[in-house]
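Some notes on the structure that comes next.
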Amino acid sequence: KNEVEQSPQNLTAQEGEFITINCSYSVGISALHWLQQHPGGGIVSLFMLSSGKKKHGRLIATINIQEKHSSLHITASHPRDSAVYICARSNRDDKIIFGKGTRLHILP
Amino acid sequence: EPEVTQTPSHQVTQMGQEVILHCVPISNHLYFYWYRQILGQKVEFLVSFYNNEISEKSEIFDDQFSVERPDGSNFTLKIRSTKLEDSAMYFCASSEGPYNEQFFGPGTRLTVL
């Protein structure tokens, strides 16, 4: 069983739509990460959070520690947001356990 | 803006050969990591490195793998005798501290023939 589960696996939406990607994890964490992987393969860290909510531009990440659940939201989605979004968790050790990713495709 | 760099971008090797993948972490970072991603699969942790020694490693990181910080800037991953299943994208990352945001390099695509 994967320790980090994401849904949906694939998501296609129209430009401008509000996007939500969900992440559940099975053990306690020190931090939850949201990362973006572009078609070329490069990985960019979007958020690292351990409680509450963080916002950066059109991206919002929330986490509910009690429910072991996090969401990534994209407002006013744009075709350039098309990428794989990866949820990952870290604990008291310094390694990150990754989810399988959500492939997002925004249509113009 | 400082960034993690990796060379080469693509490495092709024959099965059984040794390869060394190179990374230059961000200069004031103290923690270094290697991850791999087999095509179509999720990213997997290999090893973390701090203060010139391995701090954590996964079960993937067996005796054929080793890491080294040969000088003040480079961080290398050596695979001693490559196998077909070692074909993957290898990502290096670095962070200021163990619980800080990690910055990833662009990756090295390793193809073992």
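The listed protein sequences derive, respectively, from chains R and X. The opening residue of the first sequence carries number 1 in the numbering used here; numbering runs sequentially from there. The opening residue of the second sequence carries number 109 in the numbering used here; numbering runs sequentially from there. Glycine included, each C-beta is placed from N, C-alpha and C at the ideal position.
Any Cβ of chain X closer than 9 Å to the Cβ of R/Phe-18 would place that residue at the interface, and such an atom is absent. The beta carbon of R/Asn-64 sits closer than 8 Å to those of Ser-70, all from its chain and outside the five residues before and after it, given in chain order.
With its beta carbon less than 9 Å from one in chain R, X/Gly-215 belongs to the interface. One finds nothing in chain X with a Cβ atom closer than 7 Å to the Cβ of R/Gly-28; even the nearest lies about 14 Å away.
Contact check for R/Ile-74 against R/Glu-15 fails: the beta carbons are separated by 9 Å or more. By the neighbour-count criterion, in which 16 or more other beta carbons inside 10 Å mark a residue as buried, X/Thr-219 falls on the exposed side.
Given a length threshold of 3 residues, each whole run of the beta strand (DSSP E) inside the region 143 to 175 of chain X is given here in chain order: 151 to 158, 161 to 165. When Cβ pairs closer than 8 Å are counted between the two stretches, the region 129 to 139 of chain X is seen not to touch the region 75 to 83 of chain R, the count staying below three. Here the alpha carbons of X/Glu-152 and X/Gly-213 stand approximately 15 Å from one another.
Setting aside the 5 residues that flank it on each side, R/His-38 is surrounded in the same chain by Ala-83, each with a C-beta closer than 6 Å to its C-beta; the list follows chain order.
Along the region 84 to 98 of chain R, going in chain order, the ones with a CB nearer than 8 Å to a CB of chain X are Ile-86, Ala-88, Ser-90, Asp-93, Asp-94, Lys-95, Ile-96, Ile-97, Phe-98.
Between X/Met-197 and X/Gln-145, the beta carbon gap of about 5 Å places them in contact (Cβ cut-off 8 Å). Listed as beta-bridge partners of R/Lys-55 by DSSP are R/Ile-60.
Between R/Glu-3 and R/Ser-26, the C-beta gap is smaller than 9 Å, which places the two residues in contact.
Taking all protein chains shown into account, R/His-33 has 16 or more neighbouring C-beta atoms within 10 Å of its C-beta and is therefore buried. For R/Glu-5, the enclosing beta strand (DSSP E) has its first and last residue at 4 to 7. The C-alpha of X/Ser-203 lies about 30 Å from the C-alpha of R/Asn-10. At least one CB of chain R lies nearer than 9 Å to the CB of X/Phe-153. X/Lys-186 is not a Cβ neighbour of X/Glu-193, given a cutoff of 9 Å. For X/Gln-149, a Cβ of chain R is located within less than 9 Å of the residue's own Cβ. When DSSP states are grouped into helix, strand and coil, X/Leu-192 belongs to the helix group.
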